[in-house]
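Undergrad: First residue of the sequence shown? That's 1 in UniProt numbering, and the numbers climb one at a time after it.
Even for Gly, the Cβ is constructed at its ideal location relative to N, Cα and C.
Quick one: this structure, given as structure tokens, is what I'll be asking you about.
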Amino acid sequence: MPDPDLTTPLSVLAQSEPIAPLVGIVMGSDSDWPTMEAATVALDEFGIAWEADVVSAHRMPEDMVTYGRQAHARGLRCIIAGAGGAAHLPGMLAALTPLPVIGVPVPLKYLDGMDSLLSIVQMPAGVPVATVSIGNARNAGLLAARMIAAGDAGLTQKMLDFQASLRDLAMAKGEKVRLHNH
Numbered sequence: 001m002p003d004p005d006l007t008t009p010l011s012v013l014a015q016s017e018p019i020a021p022l023v024g025i026v027m028g029s030d031s032d033w034p035t036m037e038a039a040t041v042a043l044d045e046f047g048i049a050w051e052a053d054v055v056s057a058h059r060m061p062e063d064m065v066t067y068g069r070q071a072h073a074r075g076l077r078c079i080i081a082g083a084g085g086a087a088h089l090p091g092m093l094a095a096l097t098p099l100p101v102i103g104v105p106v107p108l109k110y111l112d113g114m115d116s117l118l119s120i121v122q123m124p125a126g127v128p129v130a131t132v133s134i135g136n137a138r139n140a141g142l143l144a145a146r147m148i149a150a151g152d153a154g155l156t157q158k159m160l161d162f163q164a165s166l167r168d169l170a171m172a173k174g175e176k177v178r179l180h181n182h
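Following this line, the structure appears as structure tokens:
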């Protein structure tokens, strides 16, 4: 079997055990885990291997730099970074890695995550961070799945099936509401 790289389809990767993670999920503190765990659930639904860790931009900057610089060489294809407050982690990782970075603003006690959202979304030209809504790590996981699916026909079909199920659910809700029409 070939070594996993950016061109290896997931169907080929799935033939060996264990599968190397394709998505890195990092956060500034373990207190962010209740928010970030939703990304892992979404990735699990699509059979995408992931790793999770605490890599604080402020408390362990050297480790953050190492993680960002080595992520692509370790086989990751995307990084999901969650942070609250000043929320420097997603932007700093985007500056260090050639991989796509998805930022998740984590809501904290004060400002309800608005400070994190503004910090993550206001990146300078040339250092992009895709940003999901405050606390919405599930969408970050789904976005990572779409990015990876772009190079994998089987995963693309899973995404199409998922989207069809969302449509069916919305249609059923519409039918329920239309029962109230006069």
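1. Starting from Ile25, follow the alpha helix (DSSP H) in both directions and report where the run begins and ends.
2. If I measure Cβ to Cβ from Val129 and keep anything under 7 Å in the same chain, skipping five residues before and after, which residues do I get?
3. If you check the beta carbons only, do Val26 and Leu43 fall under 7 Å apart?
4. In whole angstroms, give me the CA-to-CA distance for Thr156 and Ala20.
5. Please report the straight-line C-alpha distance between Asn84 and Arg77, rounded to a whole angstrom.
6. Skipping 5 residues on each side, what residues in its chain have a beta carbon closer than 6 Å to that of Gly141?
7. Per DSSP, which one or two residues make a beta bridge with Asp53?
8. Check whether the Cβ atoms of Asp82 and Val106 lie closer than 7 Å to each other.
9. Using the beta-carbon count (16 or more within 10 Å), is Leu169 buried or exposed?
10. Pick helix, strand or coil for Gly103, following the three-state DSSP scheme.
11. I believe Val65 touches Leu96 by the beta-carbon criterion, under 8 Å. Please report the beta-carbon distance rounded to the nearest angstrom.
TA: In brief:
1. On the sequence shown, position 25 is the one that residue 25 refers to. Element bounds for Ile25: not the alpha helix (DSSP H) but the beta strand (DSSP E), 23 to 27.
2. Position 129 of the sequence shown, counted from the start, is the residue given in the question as residue 129. The beta carbon of Val129 is closer than 7 Å to those of Pro90, Gly91, Ala94, Val101, Gly103, Ile120, Met123 in its chain, skipping five residues each way along the sequence.
3. Position 26 of the sequence shown holds residue 26. Position 43 of the sequence shown holds residue 43. Not a contact, by the Cβ cut-off of 7 Å.
4. In the sequence shown, the residue the question calls residue 156 occupies position 156. In the sequence shown, the residue the question calls residue 20 occupies position 20. Looking at the two C-alpha atoms, the distance is approximately 20 Å.
5. For the purposes of this step, residue 84 is taken as residue 84 along the sequence shown, with counting starting at 1. For the purposes of this step, residue 77 is taken as residue 77 along the sequence shown, with counting starting at 1. According to the sequence shown, residue 84 is Gly rather than Asn. The alpha-carbon of Gly84 is positioned some 24 Å away from that of Arg77.
6. Position 141 of the sequence shown, counting from 1, holds the residue named residue 141. Short of 6 Å from the beta carbon of Gly141, and not among the five residues preceding or following it, lie these beta carbons of its own chain, in chain order: Ala39, Ala42, Leu43.
7. Locating residue 53 in the sequence shown gives position 53, where the first residue counts as 1. Asp53 is bridged by DSSP to Val26.
8. Here residue 82 corresponds to residue number 82 of the sequence shown, with the count starting at 1. Here residue 106 corresponds to residue number 106 of the sequence shown, with the count starting at 1. One detail in the question is off: residue 82 reads as Gly in this sequence, not Asp. The Cβ atoms of Gly82 and Val106 sit closer than 7 Å to each other.
9. Position 169 of the sequence shown, counted from the start, is the residue given in the question as residue 169. Under this definition Leu169 is an exposed residue.
10. To locate residue 103, count along the sequence shown from 1; it is residue 103. Residue state, collapsed to three classes: strand.
11. Here residue 65 refers to the residue found at position 65 when the sequence shown is read from its first residue. Here residue 96 refers to the residue found at position 96 when the sequence shown is read from its first residue. A Cβ-Cβ distance of about 6 Å is found for the pair Val65 and Leu96, placing them in contact under the 8 Å criterion.
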